[in-house]
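Report on the structure given below.
In this note's numbering, the protein residues as written are -12 to 553.
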């Protein structure tokens, strides 16, 4: 058990709404709620006064943040909540034993503790998968994406209706096959379920934290993956709850007939007629046994750069798994927009924007997200980087000890032509050092020009590391940035101006941490609103004298209609 306090700081829970005045001006057409989710609590107090300290950025207790924006009152009403109170109690009680973390490794004092921990982990994972519907609503840590108006099991819809609920649904998701329904106002966890709860034909261990949604057909699309035997199951759901299994993939359709690998897949692409699912060289190793043995996701995976990335194309209209295309190895967390066209020979062409890393080192490098290198620590940072580079080796294909992040990934546009007898694929790099892509969802599955995201700036002798917002013209590669030294901007969310045909006519919202060059006690966070055309700030408000780490967010209008979902 770790007794020392983590370098990550706990964010405060603000359960009662805090009304915050705006600086600047919210446009009169812009009203609604922004939700953001991410880790918020790392230092867990034990009954004896000691602390269970979580040492990886991704393993903090998940917090959901709610920002209700009013142009009439020019205010933001803010509240937040820990979504995993029961889970936190069990982590503290059991010293982290029996849990699967992303990167945190609890201290085990004997070989017998390790053996017991493995056995407990396996039995707990099995029990949770079978009986998730009966578990306490806050007994799992589910906090990577937050999705308004997401499908829930029919029995839950009926129960909510009988209890007088108004039909609003808010769900948090992760890369495992488990979901959590949240009250959209109080943020109180209400129930746990998985995709098997929606339809018992859907069975698997993992899923994508990022689903896809078709605004025309109103379908929600996702997949589940069974680690062993490995199987991808892609499915769609209508608003009425009708589930269609679009494809079940066990082998590649690339002429080899090889079995697929249990690849890590965080997101995927979709056009009007096709699903684009990337089977990547980062996969769960030894049929998932390494995950059960180690208890951490990152040590339960292996990167093999001798293996291509395989792009599986699935029909949305009953034709199942169409083809598999091998491309050079990459790791993609996030897709941008995707759409299709027809070439001069009449063949379908799929265009997909992907944020691609050339290796899996980022899996270990994210361990300090939210704990930046400050300007005052720059010289120590240089020495530590040099030490790590001198000791660097590859474990499961990933560099350890991890070198501090120096850049994000490349934004690529892949063009896939589905020919009569064979397929072809090409890509171009639009810009470098870009991730967390968002775009106008009015242009979902249509050819689009602009992407918004984040760009990382490593520390220098005069400035600490920081993250800016960036707008990319995907035709020319030109960019406009917002932010500067001391800024840590979260993933942006775009909201279009109603009635406008201009793709970038609207606003961009983000949560921005301001990190002091020396003193963490001086850190603060703001909600900011930008003109999406110019990337100039038009409104902001001070949330508090603390930092908030979030992964992803969504925005609904004041009628709870989805405007921009992740």
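A virtual CB, placed ideally from N, CA and C, is assigned to each residue, including glycine.
| Item | Value |
| --- | --- |
| Burial state of residue 454, where buried means 16 or more other Cβ atoms lie within 10 Å | buried |
| As assigned by DSSP and simplified to three states, the class of residue 365 | helix |
| Validate contact between the segment 81 to 94 and the segment 15 to 23 using beta carbons, cut 8 Å, 3 pairs | no |
| Three-state secondary structure assigned by DSSP to residue 98 | helix |
| Bridge partner(s) assigned by DSSP for residue 23 | 52 and 540 |
| Straight-line gap, residue -11 to residue 223 (C-alpha atoms, nearest Å) | At residue -11, the pLDDT of 42 sits below 50, so the modelled position is not reliable and the matter cannot be decided from this model. |
| N-terminal and C-terminal residue of the beta strand (DSSP E) that residue 261 is part of | 261 to 266 |
| Reference residue 81, options 32, 67, 284 and 547, closest by Cα | 32 |
| Ordered list of alpha helix (DSSP H) runs contained in the segment 66 to 153, each at least 4 residues | 72 to 80, 98 to 118 and 141 to 149 |
| Backbone CA spacing between residue 5 and residue 514 [nearest angstrom] | 13 Å |
| Close beta carbons around residue 496, own chain, < 6 Å, minus the five adjacent residues each side | 21, 480 and 516 |
| Rounded separation between residue 493 and residue 37 - CA only | 49 Å |
| For residue 386, the nearest candidate out of 418, 403 and 348 (CA to CA) | 348 |
| Beta-carbon spacing of residue 456, residue 475 below 8 Å | no |
| Cβ neighbour criterion (16 or more within 10 Å) applied to residue 323 | buried |
| Residue closest to residue 128, alpha-carbon to alpha-carbon, out of 137, 298 and 71 | 71 |
| Unbroken alpha helix (DSSP H) run spanning residue 281, endpoints | 276 to 281 |
| Proximity winner among 208, 410, 69 and 468, relative to residue 26 (alpha-carbon distances) | 69 |
| Validate contact between the segment 166 to 185 and the segment 113 to 125 using beta carbons, cut 8 Å, 3 pairs | yes |
| As assigned by DSSP and simplified to three states, the class of residue 423 | strand |
| As assigned by DSSP and simplified to three states, the class of residue 10 | strand |
| Cβ shell of residue 550 (< 8 Å), same chain only, five flanking positions each side left out | 19, 428, 482, 483, 542, 543 and 544 |
| Proximity of residue 391 and residue 362 at Cβ, strictly below 8 Å | no |
| Rounded separation between residue 124 and residue 168 - CA only | 8 Å |
| Element boundaries [alpha helix (DSSP H), containing residue 185] | 182 to 185 |
| Entirely enclosed beta strand (DSSP E) segments - the segment 452 to 530, minimum 3 residues | 453 to 460, 466 to 469, 474 to 476, 480 to 483, 493 to 501 and 511 to 518 |
| Distance between residue 299 and residue 53 (C-alpha atoms, nearest Å) | 36 Å |
| N- and C-terminal bounds of the alpha helix (DSSP H) containing residue 547 | Premise fails: residue 547 is in no alpha helix (DSSP H) and is neither H nor E. |
| From 292, 58 and 193, residue whose alpha carbon lies closest to that of residue 251 | 193 |
| Three-state secondary structure (DSSP) of residue -11 | Because the pLDDT at residue -11 is just 42, under 50, the model does not fix this residue reliably, and the value given afterwards should be weighed accordingly. Three-state result, residue -11: coil. |
| Exposure label - residue 340; buried when at least 16 CB within 10 Å | buried |
| Backbone CA spacing between residue 29 and residue 126 [nearest angstrom] | 16 Å |
| Length of the line joining the Cα atoms of residue 460 and residue 84 | 48 Å |
| Beta-carbon proximity of residue 245 to residue 238, cut-off 8 Å | yes |
| Residue 371 in three-state terms, based on DSSP | helix |
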